[in-house]
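Using the numbering used here, the first residue of the sequence shown is number 1, and each one after it goes up by one. Everything on this sheet refers to the single structure shown next.
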Amino acid sequence: MDLPVVPKLEELASISPSFYNTALSCKAKAGWFRFAPQGAFPGTTGAILGGCFHAVMELANRGRLPAGAAGATRAKAEFDAIALELFAKAHPLLRAKFRSPAAVPYYHQRRARAVEMALKASTGATIDTTGSAPSEVGPPARSPRMHIEKKLTARDGFVTGRIDLLDEERRKITDYKSGHAPREGGSSLAENEVRQLHLYAHLARETGYDIAAAAIVRGDGTEAAVNISPDEVAREADAARALRSEFNIAAAAGKDLAELAMPAREICAGCPYLPACDPFWAAATPQWEEACGTNAEGTVTEMHSSTVSGTELVTLTIDASRGSAPRGVLIVEQIPNRWLAINGDPPLVGESVRVVQAARFSPTLEKEVRALHVDRFKSTAVWRAASPAQPI
Ligand code: SF4
1 MDLPVVPKLE
11 ELASISPSFY
21 NTALSCKAKA
31 GWFRFAPQGA
41 FPGTTGAILG
51 GCFHAVMELA
61 NRGRLPAGAA
71 GATRAKAEFD
81 AIALELFAKA
91 HPLLRAKFRS
101 PAAVPYYHQR
111 RARAVEMALK
121 ASTGATIDTT
131 GSAPSEVGPP
141 ARSPRMHIEK
151 KLTARDGFVT
161 GRIDLLDEER
171 RKITDYKSGH
181 APREGGSSLA
191 ENEVRQLHLY
201 AHLARETGYD
211 IAAAAIVRGD
221 GTEAAVNISP
231 DEVAREADAA
241 RALRSEFNIA
251 AAAGKDLAEL
261 AMPAREICAG
271 CPYLPACDPF
281 WAAATPQWEE
291 ACGTNAEGTV
301 TEMHSSTVSG
311 TELVTLTIDA
321 SRGSAPRGVL
331 IVEQIPNRWL
341 AINGDPPLVG
351 ESVRVVQAAR
361 FSPTLEKEVR
371 ALHVDRFKST
381 AVWRAASPAQ
391 PI
């Protein structure tokens, strides 16, 4: 696979909570997130499942789920339909790894949870026949004072966001997250989630909704809420506006993404743009492996092909010189050839590659030679780097 072209920075008309949160840790990551072409990177299967979860919750909140077993069937069908749609648009590498959306890890478990939560959320709904077949008509319609997927913009136009559920009667905002609560820090909300809720509360207040509380509801059914303090909300909004200005000054000055990068082991961990981020490859050391995973850049010195159960597999030997993997000879074992041939030609001996999110080393008999394994679930990918790696 060839690396995507680095996008050009542009000024932002407005800043969203997700851009704000991302840019606080790395402005380059936020820039990739905003300006990279859709589907330029494989992303994660979790993003597909998250999209399905949101769609099912939206259906429930709009009052379009019938009660009981019919509601469960309808919610399940919605989850499956959205999964198919998102899977069809997913990066070809992801589609090469999984034969269907139902084959992605945790699919059935996440679907069952989404259905359960949607049925709970739809309790007490009133009839909303808009666009619904008569057989789909269920319990009573949502109050017109409940707003679903509401896009709001601050009065000055500089902050904008889309709120999953805004309940005027309960003076509450709800945001749905398909993942789990933060594991560290002992809090039920991560700092970035609190910031997001504050910005949503700011948008709601700016557009005339008197909001007193905001909550994250997770895919496992747990809810974590914050009370809204007008001062904190205003401070967060000022910080978001200031960050937008900083970003725009950099864009207007013609800076590129690499100049905005803030590589660090905790920050780069899990970054989907890492394969193409030169500052990461320049800064990372083997000490980053624990936090960032095994990512190696090096020159291909040998290639061997084999066929196992009808699948053509390629083993690459690389001389690794940069990244979060140890330096020296690495053997990247049994990569399906079709993974290498997506969006470009497979690498050749003498070319430079970036192997990202490989499975950990297994000890080998030869101390100086180490093996990496490709792993469908760990998002392993092999990219052709633009130029040969320079040892540092
Ligand atoms: S890899 Fe690190 S430095 Fe590069 S964009 Fe991602 S978070 Fe920023």
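All C-beta atoms, glycine included, are put in the ideal place defined by N, C-alpha and C. Computed from a prediction, not measured in an experiment: that's the story for all the values here.
Look at the alpha carbon of residue i and the alpha carbon of residue j, and state the distance between them as a whole number of angstroms.
i    : j    : result
G138 : A67  : Only weak support exists for where G138 lies, its pLDDT of 42 falling under 50; the coordinates are left without a value.
T73  : A90  : 26 Å
N343 : L166 : 42 Å
A125 : V115 : Caution applies to A125, whose pLDDT of 48 falls short of 50 and renders its modelled position unreliable; the value that the coordinates give is listed next. Straight-line Cα distance between these residues: approximately 16 Å.
E10  : F19  : 14 Å
D128 : D80  : Because D128 carries a pLDDT of 40, less than 50, the predicted location of this residue cannot be relied on, and no value is offered for it.
T222 : V5   : 40 Å
T22  : K29  : 7 Å
G157 : A13  : 8 Å
A282 : A296 : 12 Å
L313 : I335 : 5 Å
Y176 : L199 : 15 Å
H54  : G43  : 18 Å
Y106 : T174 : 24 Å
D278 : G350 : 20 Å
T294 : C52  : 30 Å
V300 : S352 : 6 Å
D220 : E259 : 39 Å
S178 : A112 : 12 Å
S122 : A201 : 24 Å
A190 : A181 : 8 Å
W32  : A225 : 31 Å
P424 : R62  : Lying outside 1 to 392, the shown extent of the chain, residue 424 is not represented and no answer is given.
A325 : P263 : 16 Å
L243 : G46  : 28 Å
I163 : R241 : 19 Å
N337 : K8   : 32 Å
A60  : A75  : 8 Å
S132 : L65  : Here S132 scores only 40 on pLDDT, less than 50, and its place in the model should not be relied on; the value that follows carries that caveat. Their backbone Cα atoms lie some 10 Å apart in a straight line.
D375 : V332 : 11 Å
E393 : R95  : In this structure the chain extends from 1 to 392, so residue 393 is not present and cannot be described.
H304 : A103 : 29 Å
G270 : F280 : 12 Å
G328 : K378 : 23 Å
P92  : A214 : 38 Å
G298 : L3   : 15 Å
A358 : A371 : 10 Å
T315 : P346 : 12 Å
A251 : K27  : 11 Å
E289 : T380 : 14 Å
P275 : S187 : 32 Å
T311 : G323 : 29 Å
Report the partner residues of residue i according to the DSSP bridge assignment.
i    : result
R218 : K177
K172 : D167, A213
P336 : L313
R322 : E297
S352 : T299
I15  : V159
L330 : I318, R370
A358 : T294
R384 : D2, V353
Is any beta-carbon of chain D found at less than 8 Å from that of residue i?
i    : result
A358 : Note that chain D does not occur in the displayed structure, where there is just one protein chain.
Could you please give the first and the last residue of the uninterrupted beta strand (DSSP E) stretch that includes residue i?
i    : result
A296 : 294–308
V226 : 223–227
What residue does the alpha helix (DSSP H) around residue i start on, and which one ends it?
i    : result
M146 : Taken as a continuous stretch (DSSP letters only), M146 belongs to no alpha helix (DSSP H), being part of the beta strand (DSSP E) at 146–153.
Y200 : 191–206
H54  : 45–61
Q109 : 107–122
E78  : 68–89
P92  : 92–97
R34  : 27–35
P279 : 278–283
Please list, in chain order, all residues with a C-beta atom less than 7 Å from at least one heavy atom of the ligand SF4. Near the ligand SF4, meaning a beta-carbon closer than 7 Å to one of its heavy atoms, we find S25, C26, A28, K29, W32, A261, M262, P263, I267, C268, C271, Y273, L274, C277, P279, F280.
In the segment 247–272, which residue ranges form an unbroken alpha helix (DSSP H) of at least 4 residues, counting only runs that do not cross its ends? Listed in chain order, they are 257–260, 265–268.
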